[in-house]
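Note that UniProt numbering gives residue 62 to position 62 of the sequence shown, counting from 1, and the numbers run on in steps of one.
Even glycine gets a Cβ: it sits at the ideal position worked out from N, Cα and C.
Please read these numbers as outputs of a predicted model, since none were measured by experiment.
Report on the following structure.
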Amino acid sequence: MSQKYNVNIQLDSDQTQDPNKNHNNQNMESEKIIRIFDSRFHYGRLQYLVHFNHTAIQNRSWKDAKQIKNLKIAKRFHSEYPNKPCPNTSIPVRKRKTK
């Protein structure tokens, strides 16, 4: 059984840029976000679990908040789920286990 995974890699400024970066950005801009299902902090960045038009529901993917251009959808999500992580939420700090 093969599965497709959407992977976003953030490059540091000193790393080589992906030649397909512009192509990937164009694809995301051309795909319309239908709904946001969840939000989380991942490595200190706010992300949304989004569903794009013309994709199966099981192909939802996590996108950085900075990539979400439609602010109305994000505002609607946060009004429906006010306790979910949002841009104004402080980033949770994980405590280290002590021995």
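Anticipated Cβ contact below 8 Å, E80 with N53, distance rounded:
Between E80 and N53, the beta carbon gap of about 20 Å keeps them out of contact (Cβ cut-off 8 Å).
Spatial neighbours of Q47 within its chain, please: C-beta separation below 6 Å, excluding the five flanking residues on both sides.
R40, W62 and D64
Using DSSP with H/G/I as helix, E/B as strand and the rest coil, what is I68?
coil
Give me the Cα-Cα distance between R35 and V50, rounded to the nearest whole angstrom.
Within the model, the alpha-carbon separation for R35 versus V50 is close to 6 Å.
At the 7 Å Cβ level, is K84 part of the contact set with chain D, yes or no?
In the structure shown, chain D does not exist; there is a single protein chain.
How long is the line joining the alpha carbons of T98 and K84, rounded to whole angstroms?
29 Å
Tell me where the beta strand (DSSP E) around S39 begins and ends.
I33 to H42
C-alpha distance - D18 paired with Y43, whole-angstrom precision:
Per-residue confidence for D18 stands at a pLDDT of 46, beneath the threshold of 50, marking its modelled position as unreliable; no derived number is given.
Looking at I33 and I73, is the spacing between their C-beta atoms short of 7 Å?
yes
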